[in-house]
Amino acid sequence: MIGKTLAHYEITSLLGKGGMGEVYRARDTKLGRDVAIKVLPTEMSGDPERLARFDREARTLATLQHPNVASIYGFESSDDVRFLVMEVVEGEDISQLVQRGPVPFEDAVDFAIQLAEGLAAAHAVGIIHRDLKPANVKITPEGKLKILDFGLARAYTGDVGDESSVEHSPTITAAMTHAGVILGSAAYMSPEQARGKHVDHRADIWAFGVVLFEMLTGQRVFEGETVSDTLAGVLRADTPWEALPSDTPQAVRRLLERCLERDPQRRLQAIAEARIALEDLKAGRGIEAAPQATASRESRFGRERFAWMAAVVVLSASTAAMWFLRGSAPEPRVVQSTLLPPAGWDFAPASPFAVSADGRQIAYVAIARPDNDNAKAGSNSVWVRDLSTLEQRQLANSDGDAYPFWSPDGRWLGFFANGKLNKVEARGGPVVPLCDATDGRGGTWSAEGVIVFQRSWSEGLMKVSASGGTPEFVTTLNEERVDLAHRWPQFLSDGRHFLFYLVSTTNPTASEHSGIYVASLDSSEPRLLLRSESRGRYARGHLLYRAGSTLMAHPFDASKQRFTGDPVPVATDVPGGGVSWGGAQFGVSEGGVLVHMRGAGATRTQLTWRDRDGKVMSTVGDLAGYWEPRLSKDGTRVAVCVGQDVADVWIYDLQSDMRNRFTFDPADDRTPMWAPDDSQLAFASGRTARGEIYVRPTSGQGDTQLLFSIDEQIELTDWSSDGRVMFFNVINPSKGGSDIWTLDVKTGEAEVLLSGNWFEDASLSPDGTWLAFASDESGRGEIYVQAFPSAAGRWLVSTDSGAGRATLPAWRSDGRELFYLRGGAVVAVPVQPGATFSLGTPKTLFRVSVTSSAADYVVSKDGQSILTNELPPADPSKTGVTLIQNWTAALNR
-5 MIGKTLAHYE ITSLLGKGGM GEVYRARDTK LGRDVAIKVL PTEMSGDPER
45 LARFDREART LATLQHPNVA SIYGFESSDD VRFLVMEVVE GEDISQLVQR
95 GPVPFEDAVD FAIQLAEGLA AAHAVGIIHR DLKPANVKIT PEGKLKILDF
145 GLARAYTGDV GDESSVEHSP TITAAMTHAG VILGSAAYMS PEQARGKHVD
195 HRADIWAFGV VLFEMLTGQR VFEGETVSDT LAGVLRADTP WEALPSDTPQ
245 AVRRLLERCL ERDPQRRLQA IAEARIALED LKAGRGIEAA PQATASRESR
295 FGRERFAWMA AVVVLSASTA AMWFLRGSAP EPRVVQSTLL PPAGWDFAPA
345 SPFAVSADGR QIAYVAIARP DNDNAKAGSN SVWVRDLSTL EQRQLANSDG
395 DAYPFWSPDG RWLGFFANGK LNKVEARGGP VVPLCDATDG RGGTWSAEGV
445 IVFQRSWSEG LMKVSASGGT PEFVTTLNEE RVDLAHRWPQ FLSDGRHFLF
495 YLVSTTNPTA SEHSGIYVAS LDSSEPRLLL RSESRGRYAR GHLLYRAGST
545 LMAHPFDASK QRFTGDPVPV ATDVPGGGVS WGGAQFGVSE GGVLVHMRGA
595 GATRTQLTWR DRDGKVMSTV GDLAGYWEPR LSKDGTRVAV CVGQDVADVW
645 IYDLQSDMRN RFTFDPADDR TPMWAPDDSQ LAFASGRTAR GEIYVRPTSG
695 QGDTQLLFSI DEQIELTDWS SDGRVMFFNV INPSKGGSDI WTLDVKTGEA
745 EVLLSGNWFE DASLSPDGTW LAFASDESGR GEIYVQAFPS AAGRWLVSTD
795 SGAGRATLPA WRSDGRELFY LRGGAVVAVP VQPGATFSLG TPKTLFRVSV
845 TSSAADYVVS KDGQSILTNE LPPADPSKTG VTLIQNWTAA LNR
């Protein structure tokens, strides 16, 4: 390879080789710089799936730019050779330093600080190293630390189950034997890696502790003659603390103990905390650090001086306490860390976080994963995270709703579930219903015991006593714009004025009215503060809202309800989402705590074909914001809405794997419905600020025709097999419910079929004689069947006792089976055709994490496969939750 040219890179020398290929020094003839070229092995270059995965990961890794991380420039190919282009780093790696003995204490601390800084920068954007060890950390001749091979373990192995494979270690080191590479990787694996379990950023924290221990002692923490012996030590052996030098400061010993906790839940949770601890030790925290000599690395501080400085930490704490008592406390620093959901749960993407006023507790909604042994997959629960104890408490099932908010004293938590506004004590206890709230979206609680909330989908805000009672409207909708909704209120400090988000439910990005408003309990006239694509939250003299993917903090005088300065960015990579959850995934408090979801993929889903046992058969398309998939009658195409705040209808051809956009209007186009012969698609929209039903030929040749419109929101649910009747939901905010309507396609006449507190999701049997629908007339969402069109009789279908509402009935093409969703479970009920309706016992087929949108699944013609619109398992390396403490300190920089 030496002397050859790959693309515009001239290979000049070999730098190393190992488990994932060979690394060469090369000259970039275009930019005139030296680079490192990592050539992938032939078994990987010949695997298209692996290459595609590696390309995706390499693109992500290329975005990581930090002084302590060796940069990745790109992933390229030339003459069937695939190679990674990276920054070339001169100097020795830490494994070479340790071969000469322990690293001088002051240098080890300095290197560890730089190592923590590089890891923290990567973790902040969701990138995990997964193979951190001394051979992957270089020290330049200038004393600068550089981390190599960031994230390549995932790029090489891909699947979580392969992350712990020592045989596939991607590291390239000076060690030329495969066994050496394997043994080197095994010695630094976290216990969860050694067991082949899920890996997150805490595996890097374990490896950080192992590397620091090795620098201080000159020996590995766990080492054996074979890989098995080494891994056994990682899993069970006592840590040889006696190997640490006797004068090692207690603060360092305690830091190592936290990093080397075998239980990830008890391990140090954020690498930034390690950096802060070491910086405090080095600087004496509050006093001037001793001057550093410059003659040589071995004599920069002297171990005696560092031991003395460790004792000074106690003096610093006393000094800081005196400053506080005199009113001159040092300025707090910004601290960022990553929050993880409870084991077996994922953070729900459709319910924003709520932080208590004192900043000590965070409320959130979590979704049970399929591997959860204690809850049904897809079920939702309200949780509280106590930041003072790291305890996470499950308070109540939320039946797919929630949207929690705090009482001012942090004792109570309000939330929506089971068609009610509820409250529950944050320390745990019974759920107390306060009033009806069929589809609530946000609430706020004043010190006087008044709760302002949104009760239903499209209506004004209401108030009710925190003790319960009959709610009253405090804001009213524009009678000419029935698509507008008032959501996500927040009381200001006077307990009378409150913020809220006004948004169009049919076309939020195009509405000239959407924005953050202020209103008062003493007046019904709201006032616009700011045009915004998200809800706003007030804290510490700032109004926070999302602009693009950036969270902005706009100085705001709450007493005068006016802005006092220019907005400043406070966080990046903050996802949006639909109007249902306010267009921004964050929570903030006066206590100085800010928490936000990270990554645009937080609300993306995957269309997945599964068999009746739940086994994955195939997927349709990539991850995207999918809603309401519908299968054509011949089973060859899927119509699905794609988008977040505003969606368009797309058609996926399952045979050719091609997709075509079907609607192009800036309005929100939803709930597509195939004609019986697949020649047309009907869909609901709000193109004139009304609920409308349109139809258009699926060939794309022909105009879009308006069939029906009404001053309410519409959701299409079925089209009869003879083509004469369409069924649709009409959301009726004035009564806080939903009705089922029918439309005569030939005459254009529509009428109410079923009306009450909540009727929806009508689905007609293939022979046109039985109508299945969802209703909460019993106080709980269930599936019923009655004769059509006579409406004679009514049978309860969902006799199972699963968690959550039963929704979305769907018939098999021969009418002999009826399906529905209960929480995250797909349920099937045998049906016997005849003069009267006869059904068997419901059977749960499988459970998945589905979205809360309409029509989350479709059934194939023969009922043997189901297409689900699934939330993928949360991956902390791509979408996590960031906690920022003392966030206002960053605004002054």
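The numbering of the sequence shown is the working numbering, which starts it at -5 and goes up by one. No residue lacks a Cβ here, since even glycine has one placed at the ideal position from N, Cα and C.
Could you check which residue in the options has the C-alpha nearest to that of residue i?
i	options	result
T432	A411, D705, F658, V425	A411
G694	L675, I704, E709, V589	L675
S440	L493, R449, G454	L493
V562	K191, E219, L885	L885
A661	D672, A641, D647	A641
R256	L225, P243, A268	L225
D560	P135, A552, H548, A64	H548
W377	P364, D365, D367, F399	F399
G10	H2, A1, I(-4), S679	I(-4)
P670	Y688, F658, D712, I708	D712
G218	Q244, A231, Q330, S679	A231
R910	T830, R816, K627	Residue coverage of the chain in this structure runs from -5 to 887, which leaves residue 910 outside it and unanswerable.
L538	A513, K554, Q484	Q484
D365	E86, N130, K191, S832	K191
V791	K837, G509, R247, G762	K837
L839	P827, V853, A829	V853
A756	D770, G775, W735, K740	W735
N654	W406, D663, T613, A633	A633
Go through its chain and collect everything with a Cβ distance to residue i's Cβ below 6 angstroms, but skip five positions before and after it.
i	result
M209	V97, A102
D647	R631
P866	Q600
L272	V103, A106, I107
G924	For residue 924 there is no data in the structure shown, the boundaries of the chain being -5 and 887.
M170	Annotation note: pLDDT 29 at M170 (below 50); position unreliable, coordinate value reported separately. The answer is none, since no qualifying residue turns up.
P691	Q674
Rounding to the nearest angstrom, what Cα-Cα distance links residue i and residue j in this structure?
i	j	result
D22	E4	7 angstroms
A168	P35	Note on A168: pLDDT 34, under 50, position unreliable in the model; the coordinate value appears next. Their Cα atoms are separated by approximately 17 angstroms.
S543	A118	15 angstroms
R841	R788	28 angstroms
N880	V215	36 angstroms
M888	G404	Lying outside -5 to 887, the shown extent of the chain, residue 888 is not represented and no answer is given.
F753	L478	22 angstroms
A64	V83	7 angstroms
A396	K417	11 angstroms
D380	F550	29 angstroms
T657	A678	11 angstroms
Q858	G629	12 angstroms
T882	G509	24 angstroms
Short of 8 angstroms in beta carbon distance, which residues of its chain neighbour residue i, apart from the five on each side in sequence? Order them along the chain.
i	result
N62	Q108, L109, E111, G112, A115, K138, L139, K140, I141
Y67	V29, A56, V79, M80, E81
Q355	V349, V378, R379, D380, L381, W400, G404, A420
Spatial neighbours of residue i within its chain, please: C-beta separation below 7 angstroms, excluding the five flanking residues on both sides.
i	result
V636	A618, G619, Y620, D642, W644
S847	No answer about S847 holds up, because its pLDDT of 45 lies below 50 and its placement is not dependable.
P258	E186, R196
R387	W377, V378, G422
A52	I66, F69, L78, A149
D761	G809
N368	G338
Got a sec: does the ligand NAP put a non-hydrogen atom nearer than 7 angstroms to the Cβ of residue i?
i	result
E16	As far as ligands go, the structure on display features none, and thus does not contain the ligand NAP.
(request) Taking 8 angstroms as the threshold, find out whether the stretch 729 to 744 comes into contact with the stretch 801 to 817 through three or more Cβ pairs. (result) These segments do not touch.
(request) Please go through the stretch 382 to 416 and give each complete beta strand (DSSP E) segment of 3 or more residues, from N-terminal end onward. (result) Runs of the beta strand (DSSP E) lying entirely within the stretch 382 to 416 and spanning at least 3 residues, in chain order: 385 to 391, 396 to 400, 406 to 411.
(message) Restricting to runs no shorter than 3 residues, where is the beta strand (DSSP E) found entirely within the stretch 584 to 632?
(response) 587 to 591, 599 to 605, 610 to 618, 620 to 625
(request) Say whether the stretch 576 to 586 touches the stretch 525 to 538, bearing in mind that this needs 3 or more beta-carbon pairs closer than 8 angstroms, one atom from each stretch. (result) yes
(message) Could you tell me which whole beta strand (DSSP E) segments of length 3 or greater appear in the stretch 668 to 736?
(response) Given a length threshold of 3 residues, each whole run of the beta strand (DSSP E) inside the stretch 668 to 736 is given here in chain order: 674 to 679, 685 to 691, 699 to 704, 707 to 713, 719 to 726.
(message) Going residue by residue through the stretch 422 to 448, where are the continuous beta strand (DSSP E) segments of at least 3 residues, counting only ones entirely within it?
(response) 426 to 430, 437 to 439, 444 to 448
(request) Within the stretch 479 to 543, note down every full beta strand (DSSP E) run reaching 3 residues or more, in order along the chain. (result) 491 to 498, 509 to 514, 517 to 524, 531 to 533, 536 to 541
(request) Only counting runs of 4 or more residues, tell me where the alpha helix (DSSP H) segments fall wholly within the stretch 99 to 123, in order along the chain. (result) 99 to 118
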